[in-house]
Each structure stands twice: as C-alpha cells, then as structure tokens.
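Let me begin by presenting the structure, written as structure tokens, before commenting on it.
Protein chains: 2
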Amino acid sequence: MKRYFDLISPGDFCSFFREFSPLDTESVSLENGLSRVSALDIEAPSPLPPFSRSTMDGFAVRARDTFGCSDSEPALLELAGEIAMGESGRQITLEPGQAVRIWTGGSLPRTSDSVVMVEYTRLLDDTTIEVFRPVAPGENVTQAGEDFAKGQIVLERGRMLRPQDLGVLAGLGITELSVFRRPVVSIISTGDELVEPDQQPEAGRIRDINSITLSALVRETGGIPVRSGIVKDDFTAILSACRQALDKSDMVLLSGGSSVGSRDYTLDVFKKIDGSRLLAHGVALRPGKPTILAAMENRAIYGLPGHAASSMVIFYLLVRPLLRHYMGLETDTGLHRVQAITSQPIPSSAGRQDYIRIRLEWQVPGRPPLAFPVYGKSGLLSPLVRSDGLLVIDRDSEGLDSGSLADVLLFP
Amino acid sequence: MKRYFDLISPGDFCSFFREFSPLDTESVSLENGLSRVSALDIEAPSPLPPFSRSTMDGFAVRARDTFGCSDSEPALLELAGEIAMGESGRQITLEPGQAVRIWTGGSLPRTSDSVVMVEYTRLLDDTTIEVFRPVAPGENVTQAGEDFAKGQIVLERGRMLRPQDLGVLAGLGITELSVFRRPVVSIISTGDELVEPDQQPEAGRIRDINSITLSALVRETGGIPVRSGIVKDDFTAILSACRQALDKSDMVLLSGGSSVGSRDYTLDVFKKIDGSRLLAHGVALRPGKPTILAAMENRAIYGLPGHAASSMVIFYLLVRPLLRHYMGLETDTGLHRVQAITSQPIPSSAGRQDYIRIRLEWQVPGRPPLAFPVYGKSGLLSPLVRSDGLLVIDRDSEGLDSGSLADVLLFP
C-alpha cells in the first residue's frame, strides 16, 4: 500500500491538466449566454454609450452660464426647446445663455457640456428658466464612450459571462457569442452490488448513488453529464463501457473501481485503451488518495474512489479544475474561498493535505464565521448533506488549534 | 424629492414579502432535481445503507476473536467462505473462530461485527488465515441505517437540492421529487429611446440593456425570465403591457420608469391595475432609492430604477429575496457573505445603507482579501463588469477607514 509521502501532491496532479486543451467553440445567442465562457477577446464595435447622455431629468446647459448662480442670484437662461427621449440632441446647438429641457438618458445638444437637475430650476415663463445652483462641465452627463470606447476590449477570452457582461454585449449589439463548448462527461458506475435508483435492491445490493451525485456535480460545473449506467465488475465489460463512453465524451468518470481490491480492474482497463497514457495514480490528500488519471488524445479518464464522500471531494478538487480548463476558464476549483475560525481543535497528519467537511455559523456581522467539523465515515452522505464546504489543512500542518483562522472552500 | 431619512429601510422593504406565499409545487425527476427546492420534508422510507457494509477489503470477523493478537502472536481463524459483491451476508452465520472474505461495500454476515483489513492478514492455507491486528466491534463497518435511519427526515422542506442531497435520494430510491414551481418573471423595458439589442440604433437611441441583464439575473436565481419587449413611454401602453404580463407571470419587473421624471407613469399604472396594492415607494439605500413594489393577489410588480447598475443592485437586494421566497427558500439574498479588508477609506452618508461595488484581491492564504472600490456613475456597466460583489456600509455609518474589516456580498 502506498503511503502518503510516496504520492504526488494535489498541485502536481493538477499540473497534468496542461496536457489537455480547451475544447472547440460554438455560437450561442445572447439570451443563452449566461455562465458560458467567451472564446474571444470581445472588442467594442462602437462606443458605449453611443452619445453623451443626461443622467438626470433637467436642463442641458453650458456649465459656464451657471457659474456663480445661487438661490439669491439665480442665472436666467433662455429655454430653447426640449429633447424628447429617442431624439438626437446633436441637431440642436446651444448658444450662450440657452438651455434645453432634457430627460434622464436623453442625448445632449452640441456645445452643451452639463445638465442642471430640475430640482434646482424654476420656469419663469415659457422661454425663461432660473437656475439656482452652478454645475461643473461634465456634471450629470455620461460621455459618449465613457463606459467603453470603440475598439476597447470589453470582455476577455476565458471570461465566464455574468448578467452584467451580457448587458454590455446587449448595449454593443453583440447578440451572437463565440463560446467554448460545454464538456460532455460520461459517468460509469462499476459494482456487482449496484442497482439503478428506481429499482428495489435485493438483499446485499444497494442503489447507485455516485452516478447521480457526479452527474449533478458535472452539471453544476457547466458540463453535460451522460449516465452510462451500471457495469459489472468485469474487465471486459468495463473496458467496453469505457471505449464506448470515450467515443462520445470529453471525459469519462469511472466510479467505484479505484480501491485496492482484487476486483480493481480500473488501472488495467486504462492501460488497455489504445493511445491512453497513465498520468497519475494516487494523490496525497484525504479523502481520495487512490484517484487515477489517464489521457487519450484530448480526453481524460478518471478512476474515482467508490466512497461517496471521497468521490465528491475529489470531484471538487481534481475533476472540476480540468472541466473548467476544458471550458476555457482558469484551471482552479472555481469555488469561493472564505476565512473561518475553527470551533475546536482539528487534528491532521503531516504529509498530506486534509479537506475537512465543515458547517459554517455566522456569529456577528464583520467577523469571520465559525467552522464546525462534520465528521463521519467517508462512505456516508449525511456529513456532506450537513456541510457548507471544505476546510483546508496544509500538507505540512499537524492540525489546527481551536480559534485558528483557516481557509474554507465553499460548495457552490 | 424624498430624502433618505423619510424612506423605509431595505429591511422594512423586505418585510412586505410576508404578504406573498411560496408558489405551488410540481414533480420533477431526480435527474432534474439540481438547484430545485424540496416542497416536502423528505423521510427515509428505509434505512441507508440498507445493511451493514464493510468499508474495506478484508475479512469479516467477530471482533473478540482478534483481541490480543499481534505480529508475533497472530490470531488463527477458520476461513468459512466469501461474500461476493451483491450477495447478502445474512445467509452466513459466523461461528466463533470463523472469518469470511469480504470486499469494500460487501454485506456483513450474521454475528460478525467488524472487518479486518486484508493488509493485516495472511492466508495460511485454503481454510486458515492469520490476523496480526485486533479490531474493535464496529471497526471498518458502516452499520445499517448509520447514514439515515428509517423514518428520519433526510432533507427538509425549503431545501435547495445539492449534488449530495440528490445522492441521498438516489440511495433511498426516491426518484420523483415534489418541488416548488420556478417563478415566471416578465420583464418590461420602457423608454422611447430604446431599441432591441439586435437593432442598429438611430442617433439619440440606445439598445435595451436592462432587460437582458434582468433576464440573466432571474435565471441565475432559479426563475424563468420572459422578455416582454420594449414599451413606449405611454400610460396606456405600459398599463396594457403590465396587465398582459401579470396574466402569465408571478412577477413583473418594469425597468426604466421609476425616476422622478414627468414621464414616470409607473406609480399611476400600478394604481390602475385592478386589485393592486402599493406596498413600497422609495427605499433608504444607495444606489436604488426610487424602487416601487406593488402586489396583485400573490403576484409582485416592481418599478426598478432605469440605471443599469442601480437596477442590478436592487435586483440582488430587493428582488432576489422575494424570488427565493416564492421558491420556498429563506427570504434572503442567498449571496455568499465574506469578510474583506478595505484598501482605502470609503466615505458614506448616515441615513442610508450604501452598497459599494468592489473588486477583491486575495493576498495570503488564511487572510481576508483586500476590497478595492470600483467607482463609476450608476448608469455605467463597466464598474459592474470589474466587480466581484457589494461591500455593505450600514445606515448609521459615515464611512470606513482604510484597513477596516467589512462584509461583502459576493455576486453568484
């Protein structure tokens, strides 16, 4: 049995992801762009906003005509008309001493450089207004191109698109997006004891849990899960299932076959696949030590631990980063990292990274939350159901005292 | 113009959500259960695991038969057979001094209470093994029902289902789930200056940004967005669009019509809708002061600020919690809250809550990130594109010094 000190670190494991390339790209409409990843640096084809706009309801003026005015000595300006919403202000040229009525979002006239809020004005008659407060040039105005100048990169390649990003693209008229294809991930469960979740297991059998969990994890990451079903613990059957899955997937997750048991065919199956290269076998973290990674062309094949909790931790730490790499994102877990205070001492062994399931409790605003470890055997799901994330204990640490500040990776 | 001190707090605004009820429920399959919200307390119909299982490859034994054994004085046990994966161990009754071969996940024989790892045994001949380490009762065994006992509540009503939760349901054979319906949200953009994102705007016009952003925000929350298109700034047109939208939605978002301008028909439209009740008009936070909320039966109608950034902040703080309430979740933003250290002084005015767009930079592991404010006019999108979340400054605070620890709501 390999000891932790003989194994590669999670960091070294992830360094193999360089052997894989991001997937090819496809086109999606703006409406379907949420959480997709841009495959291009996107340039602004025109300035945003396209013209200088008022940010207030009021009067477009030349700022210098308001200088020095006050409640007791208002500036008197000639009202030269109104710019209706949707009309261009550029057809009007403000002469000195003139103002035009304008609305929030309206297009500024030529030679006007600012807007006086309606609250600081009074209409004296149909053609004259009083202004009680001076404005500075540019005040209450968004300049043409102030958000994005023409030709500026608005979103970089590898950006996962958020609502505000889609808003920018809408504003620029970019309604078809080039994005990385979503990875297709086949999930194979192996084990003579497994039955489908909708079946009643006979004595000694159990329903397949991992393929449902892994499917959801793939979907949560942005991939497309394909459940390839349950395969018996038989070399030929597993090899055949793997080959079929590789034909139609970017990644194959083989669940249940990477323990030390004599029925562990995973490694032999991986070696038997034409063109496959074994990249890693075993990693110095807990839980999840016996993880296997192989490559076939640009496709990845994982042997995951059969225990539900181990399999899930390994997914977040060692599978999710590669899925993100395939999608053109940064090759990390993409999980939010927060600081928390340990509620009790948490022991660990040097020589491996420990990922402790924890539940967070927020005490007072402005203070990090308390992290309570949720212990339980790695085959159990209930500790995961009660957990908010994973507390990280470094390879060199022998544990944390109560009250220590520690990093926590939050479940999405 | 209302001052902030005259306005209700965001907390008071959200207290109106009590007037609305969670939506009705529907049935989905386990495969489609991710991020849906359980409408029932779910009980375990049978224990999980259904039988006591080995967590190791090895030999099932009676623990007392191994007591006192060691490398120099191994216990000798009679090998009484093997329990194949998928076979019930209950057909075998271990006699004192007997052991049976068992695999990870295998079903324990009657009267066996523990498993010796294969690493601590040696096969002497076909029917005898040596055991070099004693095991305690229960060691290397998951007891029947240890994860969940029969009749135990495994997931509570109002739980948003995560991958591990779906795993539990798979294990229990629960493949059809009762979940709250996803809220349908109609989005209406008003403004004579607006054109669709795929149109080339004439001078003075601009593409509709907010409805794309709001659609994506609704989708991100778990709702179903329906873009009802652009409506002219005309009382009758807006009223008609609102009525049509209410007929087919749980919520209507009216974007662009809640500024102080004379073309602001939103309030009058809301009052004109049969059976509508105005709940709130104006809220003491920045940005987003002029937000309006009305109710019609169990449906909500919002007047949102027209500025893109304000509209987005208001969505996260005052719309998302009601969508979550509709979906049976806790009535909060559901955003991750982290602590960050201010990179510079951040001024604020007492009397309103301030939400400052910030970018986070992680410095050293185990230390909170630095928060850099991303300033910009509320009509601009570029500050939002560069932001990771919103830093919260309380109503009573006049700002934060550089180096202060503050709460940040992370964008999803």
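If you read the sequences in order, they're chains A and B.
Using this note's numbering, the final residue of the first sequence is 427, and nothing's skipped along the way.
Using this note's numbering, the final residue of the second sequence is 427, and nothing's skipped along the way.
In this text, a Cβ means the ideal position worked out from N, Cα and C, and glycines have one as well.
A check of alpha carbon separations from E134 of chain B across B:R125, B:T126 and B:I144 identifies B:I144 as the nearest.
Residues of the stretch 172 to 188 of chain B whose Cβ lies closer than 7 Å to any Cβ of chain A, in chain order: R177, P178, Q179, D180, L181, G182, V183, A185, G186 and G188.
Contacts with chain B at 9 Å (Cβ-Cβ) include H322 of chain A. Our two residues, S69 of chain A and G153 of chain A, have alpha carbons roughly 10 Å apart in a direct line. Residues of the same chain with a CB within less than 7 Å of the CB of L293 of chain A, apart from the 5 flanking positions on each side, are F285, K286 and A309 in chain order.
Pairing A299 of chain A with L55 of chain A gives a Cβ-Cβ distance that is not under 9 Å.
In summary, the residues of the stretch 351 to 374 of chain B whose CB is separated from some CB of chain A by less than 8 Å are H351, R352, V353 and Q354, in the order they occur in the chain. The C-beta of S393 of chain B comes closer than 9 Å to at least one C-beta of chain A. Annotated three-state conformation of R79 of chain B is helix, per DSSP.
In this structure, S255 of chain A keeps its C-beta atom at 9 Å or more from the C-beta atom of S226 of chain A. A distance below 9 Å separates the beta carbons of I253 of chain A and Y280 of chain A. With contacts defined as CB atoms closer than 9 Å, C29 of chain A and T228 of chain A fail to qualify as a contacting pair. Between L424 of chain A and Y331 of chain A, the gap from beta carbon to beta carbon is short of 9 Å. Rounded to whole angstroms, the separation of the alpha carbons of P302 of chain A and D72 of chain B is 17 Å. Straight across, the Cα-Cα distance linking L333 of chain A with Q368 of chain A is about 13 Å. Contact between the stretch 403 to 421 of chain A and the stretch 359 to 377 of chain B is absent, with fewer than three C-beta pairs closer than 8 Å. Per DSSP, A256 of chain B lies in no beta strand (DSSP E); the unbroken alpha helix (DSSP H) holding it starts and ends at F250 to D262.
Counting the other CB atoms within 10 Å of its CB gives V379 of chain B a total below 16, which places it among the exposed residues. Annotation for E102 of chain A: no beta strand (DSSP E) segment contains it, and DSSP assigns it neither H nor E. DSSP places G418 of chain B in no beta strand (DSSP E); its state is neither H nor E.
In the DSSP assignment, D180 of chain B falls within the alpha helix (DSSP H) that extends over P178 to L187. Going by DSSP, S326 of chain B is part of the alpha helix (DSSP H) stretching over A323 to I329. G96 of chain A places its beta carbon less than 9 Å from that of I107 of chain A. The beta carbon of S393 of chain A sits closer than 7 Å to the beta carbons of P302, H322, A324 and S325 from its chain, once the five residues preceding and following it are set aside; these are given in chain order. Counting only Cβ-Cβ distances below 7 Å, R234 of chain A has contacts in chain B at L49, in chain order. Contact between F35 of chain B and H340 of chain B holds: their C-beta atoms lie close to 6 Å from each other, under 8 Å. Annotation: the continuous beta strand (DSSP E) that includes E41 of chain B extends over T40 to S44.
Just measuring C-alpha positions, the residue of B:I189, B:G290, B:F66 and B:T236 sitting nearest L337 of chain B is B:T236. Residues of the stretch 383 to 417 of chain A with a Cβ closer than 7 Å to any Cβ of chain B, in chain order: P383, K392, G394, L395, L396, S397, L399 and V400.
Excluding the 5 residues flanking it on each side, G186 of chain A has same chain C-beta neighbours closer than 6 Å at L63, in chain order. Non-local beta-carbon contacts of R77 of chain B in its own chain, meaning distances under 7 Å to residues more than five positions away in sequence, involve L109, P111, T126, S127 and D128 in chain order.
As computed with DSSP, M132 of chain A is found in a beta bridge with A:G73. Interface annotation, T136 of chain A: not in contact with chain B, CB-CB separation never under 9 Å.
Where L268 of chain A is concerned, the enclosing beta strand (DSSP E) starts and stops at M266 to S270. The CB of S103 of chain B comes closer than 9 Å to the CB of E217, A218, G219 and R220 in chain A, given here in chain order.
Look at E345 of chain A here: in three-state DSSP terms it is coil, with no helix or strand label.
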